[in-house]
Amino acid sequence: MVDLGVATLTLEMVAESQMGLKALGAGLAVGLTGIGAGVAEMGIGSAAVGATAENKDIFGLALLLTVIPETIVIFGLVVSLLILF
Amino acid sequence: MLQPKTMTRLLIVGSKEQMPSAVTELYRHHVYHITDYTDQGKEGYEGFRIGQPMEGATELSTDLIKIRSIESIFGLSPDDYLDTKKRSSRSIKEIIERELPAIEQEVSNLTAQRSAAEARIKVNEQRIAELTPFSGIPLELGLYRGYESVSVIAGKAPREIEITVPHEKFIASDKGNNTTVIFFKKADRATVEHALAEAQFQPIPIPEEEGSVRKAIDTYQSEISQLTAAIADIDEKIADIKGKHGNFLAACDEVLSADVEQAEAPLRFATTELTFIADGWVPVSEVQSLKSGLAQATGDKILVMEVEETGGHHDSHDHSKNQPPVEYDNPGFAKPMQSIVDIYSRPRYDELDPTLMVAIIFPLFFGIILGDIGYGAVLLILALGLQRMLKGEAVQQLLKVLRNASISAIIFGFVYAEIFGAHPGALNIELWHPLISRHLLIGTHAHHQGDIAVLLVFAVWLGIIQMTLGRFMGVYNHARHRNMLHVMGQVSWIAFMWGALLLIWSIAAIPLMPDLTMLPPIVMGLNIAGIIGGILVLAGAIGIGIESPLELIELPSVISHSLSYTRLAAVGLSSVAIAMVVNFIAIEMLIEPQFKELTAVGIVLIIIGIFVLLIGHLLNTALGLLGGGLQSLRLQYVEFFTKFYKGGGEKYNPFGKKRNLTED
């Protein structure tokens, strides 16, 4: 009788699934932080464009405020690089 | 360098008789930044008043408006004539009086003719639109009216309409929206209208014309084509005039703009009945020549006073009034970066001008991010090409920034050994061994692994250096204002950051950073470096707290800002990955397999592969430009400038204008 409930794991399979989970984690790190940065920049960006339309001089400040949350996704990218390599 | 040009405040006082010659002289020198006089406007105030424009200002403005309107008709910009020979402004003035009215008359006649023709075309198009529905009905237009007992209704209906009373119906089918014309007895009107209303009938007006519909439409159409030809003719004439007089008009514009500006200059002066006072700033180096010029022009009948107020030593809270205007003073290679700093904000007169720093660091960062000989070369060619094609000061400056940045990208391309992401990967190419490898394991030939950790730490190091530099610049700015509390605050930040670094080094070994874990532990598992670090962190935090307790919330920014610099490595790596994937798909998946056995399908696949290769790399170049440019700019703006830079200085805008097309 073959017991279908138990499958044997070889060492390669363990290594491969570890690799897979790492890749998943890296993907989640970039993807979720990307969503976070996007949501954060959404409000700031639209307000910044509006403010720049009113007064062109504050373009620099507007750009600065818009890119502040972008660091979040860079952190995600760095974390995923560290996971993968 | 690092400082704006030093300015001297000059008061020019004279009798009103001297004003015109003084204004002309100021305009010619093009160095005097006038501070506009503002009237107090209080009741009963009996002091200086804002001056009145000089005589003839109104006529000059009228002429200028005429010229500008002709220019806008021609779509002419004075920049188009930059390379032409300069004319004498005296001769221009004579020609203005002689020729301008004639030219204006001719141009306004032509434009009037053109707009009349355009209006006529509109009317005809409208008529045609009204006639078209009737073109399918076999009736002459005269037959639609003039009956005593018969009525006619025309309109659009989606389907055929059932009418119970005697009538005659004509239908021209037109895709479910048929034109229907119904003739019926006048007495039956109510019944017919009822039936029509139920059938979603939309009445249309019957054109008041005679003869066949087709003929009428043809007549109108031929008239339209005649009018279009006439308009083309007029446009040609206008272009002719533009070619003949364009240069002259651009020169007129320049001369008259200068005259108008001079005539209106008194509006910025303080005047009494007989005298005027101009208040303004001049770069120190220009003071002497301006003074002697003014003395000469007015026969020494004018008083020029240097006011002992060079700025720079004000209290930092009172900078709104009487701050000198700011003009950059940078070596040639840093000049293009001024426009980038201007986007953020012009430096204040009493703070360090970061342009030189940014001029070095921005291309460096751009190179670190893009770092590819191929992409760098493409951008360099692009920058040089656009420099020839595009005109305009601001664009040229930005293109020079791009040029410097792409040269830096090429240099880093050599360091990383990358051309269009072509490392050993999809192709078995090994250019040379990279100093720092960004190569990834994509493609079958790939054997390098990138030095990812090294790259990340290297980026953090750059961040630590730049932020420390920024803090030191902040210390200098505050020290100049004798603002010791803020000096201490800035020093505390430096102490906090380096203390935190020491602590980290004493706990963990990090590549590229000093490894202090070997030192013997002294107290609580901390070694000597750790203890010094801890003390620095504590002292720093206390100092920051004393400067402003709110700043304590910002403490983690030391970590987040340092880590933010890792984008230098991370963004660059993502662009490498895209390049390698493009190479892999195009070369290894599409092109290479076809060479084993060349078939018709194979050739198509090769073409697709080349297409993918081109599009992919084009896209990646654009992304690299955007990513490299914006990310490294952001590091300057957010991580660097916030440490010391306030900005908000007034732009140095000297009275006068560079003559491009005319001369005296």
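If you read the protein sequences in the order shown, they are chains S and B.
Its first residue numbered 1, the first sequence is counted upward by one per residue in the numbering used here.
Its first residue numbered 1001, the second sequence is counted upward by one per residue in the numbering used here.
Glycine included, every Cβ here is placed at the ideal spot set by N, Cα and C.
Owing to the predicted nature of the structure, the values given are computational and were not obtained by experimental measurement.
Neighbour list for residue i in chain S, Cβ cutoff strictly below 8 Å
i, result
"A1157/B", "Chain S residues near A1157/B: none, gap ~48 Å exceeds 8 Å."
"G1450/B", "F85"
"A1570/B", "I74, L77, V78, L81"
Residue range of the unbroken beta strand (DSSP E) whose run includes residue i
i, result
"D1259/B", "Here D1259/B belongs to no beta strand (DSSP E); instead the alpha helix (DSSP H) covers 1213 to 1264."
"E1306/B", "1302 to 1307"
Endpoints, the alpha helix (DSSP H) within which residue i is located
i, result
"S1632/B", "1600 to 1634"
"L1143/B", "Looking at the DSSP string, L1143/B is not in any alpha helix (DSSP H), and its letter there is neither H nor E."
"A1190/B", "1189 to 1198"
"I1559/B", "1557 to 1564"
Cross-strand partners of residue i (DSSP beta bridge)
i, result
"D1279/B", "L1011/B"
"K1169/B", "I1182/B"
"K1651/B", "V1326/B"
"N1527/B", "P1521/B"
"S1151/B", "F1184/B"
"H1030/B", "Answer is none; H1030/B lacks a bridge partner."
"E1663/B", "S1088/B"
"P1203/B", "G1155/B"
Collapsed DSSP secondary structure at residue i in the structure displayed
i, result
"L1379/B", "helix"
"S1115/B", "helix"
"Q1288/B", "helix"
"H1317/B", "Residue placement at H1317/B cannot be trusted, given a pLDDT of 43 that sits under 50; what the coordinates show is reported in the next sentence. In this structure, H1317/B counts as coil in the three-state DSSP scheme."
"K1016/B", "helix"
"Q1449/B", "coil"
"A1417/B", "coil"
"P1336/B", "coil"
"G1312/B", "Note that G1312/B scores 47 on pLDDT, short of 50, meaning its location in the model is unreliable; the coordinates nonetheless yield the value given after this. The answer is coil: DSSP assigns G1312/B none of H, G, I, E or B."
"T1355/B", "helix"
"T1006/B", "coil"
"T1271/B", "strand"
"R1567/B", "helix"
"G1299/B", "coil"
"G1371/B", "coil"
"L1456/B", "helix"
"K1646/B", "coil"
"D1039/B", "coil"
"D1174/B", "coil"
"L1573/B", "helix"
"T982/B", "Nothing about residue 982/B can be reported from this structure: the residues present for chain B run from 1001 to 1664 only."
"T1132/B", "helix"
"R1346/B", "coil"
Interface partners of residue i on chain S, CB under 9 Å
i, result
"T1566/B", "I74, F75, L77, V78, L81"
"L954/B", "Nothing about residue 954/B can be read from this structure; chain B reaches only from 1001 to 1664."
"L1100/B", "By Cβ distance, chain S contributes nothing, its closest Cβ being about 35 Å from L1100/B, past 9 Å."
"L1573/B", "L77, L81"
Where residue i meets chain S, residues with beta-carbon distance less than 7 Å
i, result
"S1345/B", "G60"
7 Å Cβ cut-off: residues of chain B touching residue i
i, result
"V67/S", "R1634, V1638"
"T10/S", "Going along chain B, no residue has its Cβ under 7 Å from T10/S, so there is no contact; the nearest lies around 23 Å."
"T71/S", "S1560, S1564"
Residue i: contacting residues in chain B (beta-carbon distance under 9 Å)
i, result
"L64/S", "Y1344, R1634, Y1637, V1638, F1641, T1642"
Residue i at chain D interface by Cβ criterion, 9 Å
i, result
"G1647/B", "Absent here is chain D; the protein component of the structure consists of chains S and B."
Near the ligand ZN: residue i beta-carbon under 8 Å from a heavy atom
i, result
"E1025/B", "In the structure shown, the ligand ZN is absent, as is every other ligand, since no ligand is present at all."
Could you name each continuous alpha helix (DSSP H) segment of 4 residues or more that falls completely within the segment 1048 to 1090 of chain B, going from the start of the chain to the end? Those alpha helix (DSSP H) runs which fall completely within the segment 1048 to 1090 of chain B and span 4+ residues are 1057 to 1074.
Please list the segments of the beta strand (DSSP E) lying wholly inside the segment 1461 to 1526 of chain B, counting only runs of 3 or more residues, in order along the chain. DSSP runs (the beta strand (DSSP E)) wholly in the segment 1461 to 1526 of chain B: 1521 to 1523.
Whole runs of the alpha helix (DSSP H) within the segment 9 to 85 of chain S, excluding any shorter than 4 residues: Counting whole runs of 4 or more residues, the segment 9 to 85 of chain S contains the alpha helix (DSSP H) stretches 11 to 54, 59 to 67, 70 to 84.
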